[in-house]
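Residue numbers (the numbering used here), protein chains in the order written: chain W, 3 to 63; chain V, 37 to 260.
The beta-carbon is built from N, C-alpha and C at its ideal position, and this holds for glycine as well.
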Amino acid sequence: MGYETVEQVRIGKYVELVLSAADEDKAREQVDRICDRLLANPVIENYRFDLTESVDTGVAR
Amino acid sequence: MKFGVVVFPGSNCDRDVAYVTRDLLQQPTRMVWHESTDISDLDVVVIPGGFSYGDYLRCGAIARFSPIMRSVVEHARQGKFVLGICNGFQILTEVGLLPGTLVRNRDLHFICARVPVKVERTDLPWTQAYVTGQIITLPIAHGEGRYYASLDILKQLEDHNQVLFRYEAPNLNGSTNSIAGICNQQGNVFGMMPHPERASDPMLGSTDGMGLFKGLLEGVGAIA
């Protein structure tokens, strides 16, 4: 393709979760645990996540 | 000696294992559905090969949360025997009964072949029917079979002689230290990528895998 500017490539997984939690700390704690135990294998993978408050999840509350 | 073979949705070598233990070796064997939890009657639990839960997310990542796995961990904790073959090995690493993990083969494609495997140690039931240093030929069939662990873990494995099977050249999948099968430090949990159950009936062309089951029968039978 001629893109000689490409120097490195990394491939990873991108996961979006909609989560209900009392506050941001609780959400952070849960997501961290879910990543550590299931979504990533810490033996070979690193993970990081961002939290965004969701106004409309489409879920009845 | 009583065998149990765990069946997950997507397991596909379960009946091959039962064929060896029940039909060829005449040992009581039952299939254990992954939702059941009582395995107190079993001496040896086998986690067979296949594609549990379609290998979604990572091989073994979902299966390790099945209800049966808590019982398997407890079974191992009691010092009883657990064998993981192929996908079973991957599940044992995911659940933490064995260290390290299995990643994509070095050349990124599925490998189906018969490969030479060296028996490293023979003082455990798993391998006692072989001779130390013996080269046997076993079938492999996997896309994610390259053993990987950190240098610290590798050193521990080697220091404690936990590598029971090692690929002879060529190390097709690129496993670190050519690792084909490892046990835990206690020696009662063993995981391997090659398929001994596919090399046990003479009709299939090789019986090099039968030694593993026979060794278990003699070794564990003597303890149980």
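Item: Beta-carbon contacts of R63/W that lie in its chain and below 6 angstroms, excluding the five residues immediately before and after; Value: Interpretation of R63/W is limited by its pLDDT of 48, a score under 50 that renders its predicted location unreliable; the figure taken from the coordinates is listed afterwards. Excluding sequence neighbours, R63/W sits near nothing in its chain.
Item: H196/V, buried or exposed, once every other Cβ within 10 Å from all chains shown has been counted against 16; Value: exposed
Item: Proximity test, Cβ basis, 8 angstroms: G136/V and chain W; Value: yes
Item: Backbone secondary structure at I189/V - three-state DSSP; Value: helix
Item: Chain-ordered neighbours of I46/W on chain V, where CB pairs are closer than 7 angstroms; Value: T137, V139 and Y184
Item: Residues near L240/V by beta carbon distance below 7 angstroms, same chain, minus five either side; Value: R234
Item: Test: R94/V CB closer than 8 angstroms to a CB of chain W; Value: yes
Item: Interface partners of A97/V on chain W, CB under 9 angstroms; Value: L40, L41 and N43
Item: The segment 216-233 of chain V in contact with the segment 171-178 of chain V per 3-pair CB rule at 8 angstroms; Value: yes
Item: Expected contact under 8 angstroms - CB spacing of L60/V and D237/V to nearest Å; Value: 6 angstroms
Item: Nearest-angstrom Cα separation, counted from N141/V out to F87/V; Value: 16 angstroms
Item: Given 8 angstroms, three or more beta-carbon pairs between the segment 79-99 of chain V and the segment 120-140 of chain V; Value: yes
Item: Separation of H111/V from P232/V, as counted between CA atoms; Value: 22 angstroms
Item: Candidates R202/V, V53/V, R182/V and D91/V, of which the one nearest K250/V by Cα; Value: V53/V
Item: Secondary structure of A216/V, DSSP reduced to three states; Value: strand
Item: Other residues of its chain near D38/W: CB distance less than 7 angstroms, five sequence neighbours each side excluded; Value: P44
Item: Contacts around R182/V, its chain only, beta-carbon distance under 8 angstroms, and the 5 residues preceding and following it disregarded; Value: L138, V139, R140, N141, R142, N209, G210, S211 and T212
Item: Buried versus exposed, by CB contacts within 10 Å (16 or more), R202/V; Value: buried
Item: Validate contact between the segment 64-82 of chain V and the segment 147-154 of chain V using beta carbons, cut 8 angstroms, 3 pairs; Value: no
Item: Sheet register partners of G120/V (DSSP bridge); Value: I83/V and G227/V
Item: For Y55/V, the nearest candidate out of G46/V, F39/V and H70/V (CA to CA); Value: F39/V
Item: Own chain residues within Cβ distance below 6 angstroms of Y166/V, not counting five before or after; Value: V155, T158 and G247
Item: Contacting residues, own chain, Cβ-Cβ under 8 angstroms from L253/V (five flanking each side not counted); Value: M37, L61 and Q63
Item: Nearest-angstrom beta carbon gap, P135/V and A185/V [assumed within contact, 8 angstroms]; Value: 6 angstroms
Item: Burial state of R35/W, where buried means 16 or more other Cβ atoms lie within 10 Å; Value: exposed
Item: CA-to-CA distance, N48/W to A205/V, given in whole angstroms; Value: 32 angstroms
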